[in-house]
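The structure appears below as C-alpha cells.
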Amino acid sequence: MTDVKTTKTTETEHVTTTHTHGEPKESLISNTLGIVGFIIVVAIVLWGLLHIASLGQPWLSSLFDTVSSKVNAPAKVESRPLGTLVMKPLATTTPVAPARSPVVGPTDLSVQILSVEPDGAGGGVATFDIGNEGQSSTGAYSFTAQLPTADGYLYNSPVQSSLAPGDHIVNTLRFSSAISGVFSVVVDTSKNESNTSNNYASRQVSMPYVNYNYNYNPQPYPQYQYGQYQYGF
Numbered sequence: 000m001t002d003v004k005t006t007k008t009t010e011t012e013h014v015t016t017t018h019t020h021g022e023p024k025e026s027l028i029s030n031t032l033g034i035v036g037f038i039i040v041v042a043i044v045l046w047g048l049l050h051i052a053s054l055g056q057p058w059l060s061s062l063f064d065t066v067s068s069k070v071n072a073p074a075k076v077e078s079r080p081l082g083t084l085v086m087k088p089l090a091t092t093t094p095v096a097p098a099r100s101p102v103v104g105p106t107d108l109s110v111q112i113l114s115v116e117p118d119g120a121g122g123g124v125a126t127f128d129i130g131n132e133g134q135s136s137t138g139a140y141s142f143t144a145q146l147p148t149a150d151g152y153l154y155n156s157p158v159q160s161s162l163a164p165g166d167h168i169v170n171t172l173r174f175s176s177a178i179s180g181v182f183s184v185v186v187d188t189s190k191n192e193s194n195t196s197n198n199y200a201s202r203q204v205s206m207p208y209v210n211y212n213y214n215y216n217p218q219p220y221p222q223y224q225y226g227q228y229q230y231g232f
C-alpha cells in the first residue's frame, strides 16, 4: 500500500512520496485454507480408493482365480520318500570262539534181547538190538548167537556194517527145531571198547515140546529064494 503526501513552501513546492507496507494477514489465511483443503482432498481420494477396492474384490478374485482339476486319489497311498537317511553304526568285531573239535573216545558195542518166541511151526524167532554207546564208530563187527535148538546150533553172523555213535540196529533170527533152553548173543569183543560187560545177553526161553527123535523098530523082511541068492524085501 502506498501513501502520497504534498507539502507546500513559499519558495519551492516539494512532493514527497512515502510507501507504507501493511501486515500480510490475507495471504496467511489463504495458505492455511489451501493446506486444509488439500488434506481433505487426499482423504477423500484415499477413502474412494478403499471403497472401490472393497467393491471390486469379488471381481478381482474371479479374475485371478486359479483353474482347479479333480484328481481321483487311489484308495491306498504308498509313501515313498525321495531320500532316506540311514545311520550306519561303526563296524564292530565280535570275537569268535574257536570251533571245538569233537571228542573222540573208544567205541562201546552193546546187545539187548527184545523177544524170543515160537513161530507156531516148531521153530522160533529171536529179535535183539545191537547199538553203539561209545564216542566213535565201531567199524565192521560180527556177532554169534547160541540158538535153543535140538542140536544146539551156534550161529555166526557175516561182517556187519559200522555203527556211528548212538546208532542201533534190530536183528531177527529165525530157526527151526526150537526147544526150551537159553538163547544168547555175543557181540564181537575184538574192538577197543570202553565197556565189554554189555557185549553179552541171554534169555531163558520156553518152547512147545516137539519130539524130534524118531525111533523105528526094525521089522523082519520076507525072504525069497531065487537060485543061490536071497533078497530081502
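Every letter in the sequence shown is one number past the one before it in numbering that gives the first Met the number 0, and letter 8, counting from 1, is 7.
For each residue, glycine too, the CB sits at the ideal point set by N, CA and C.
This one's a predicted model, so the numbers in the text were calculated from it and none came from an experiment.
Could you please give the first and the last residue of the uninterrupted beta strand (DSSP E) stretch that includes residue i?
i: residue 134; result: Premise fails: residue 134 is in no beta strand (DSSP E) and is neither H nor E.
i: residue 116; result: 108 to 117
Under a Cβ-count criterion, where at least 16 other Cβ atoms within 10 Å of its own Cβ denotes burial, should residue i be classed as buried or exposed?
i: residue 109; result: buried
i: residue 281; result: Because the chain is modelled from 0 through 232, residue 281 falls outside the range shown and cannot be assessed.
i: residue 191; result: exposed
i: residue 184; result: buried
i: residue 182; result: buried
i: residue 186; result: buried
i: residue 123; result: buried
i: residue 146; result: buried
i: residue 200; result: buried
i: residue 177; result: buried
i: residue 143; result: exposed
i: residue 133; result: buried
i: residue 151; result: exposed
i: residue 37; result: exposed
i: residue 131; result: buried
i: residue 106; result: buried
i: residue 148; result: buried
i: residue 51; result: exposed
i: residue 129; result: buried
i: residue 30; result: exposed
i: residue 198; result: buried
i: residue 70; result: Summary for residue 70: the model assigns pLDDT 48, below 50, so the residue's position carries little reliability; its value from the coordinates is reported in the next sentence. So residue 70 ends up on the exposed side.
Per DSSP, residue i forms a beta bridge with which residues?
i: residue 155; result: 143
i: residue 168; result: 129
i: residue 148; result: 177
i: residue 201; result: 183
i: residue 123; result: 117 and 174
- Item | Stretch pair the region 194 to 205 + the region 102 to 118: three plus CB contacts closer than 8 Å | Touching, yes, given that three or more Cβ pairs across the two stretches are closer than 8 Å.
- Determine, using beta-carbon pairs with one atom in the region 158 to 170 and one in the region 136 to 146, whether at least three such pairs fall under 8 Å. The region 158 to 170 vs the region 136 to 146: in contact.
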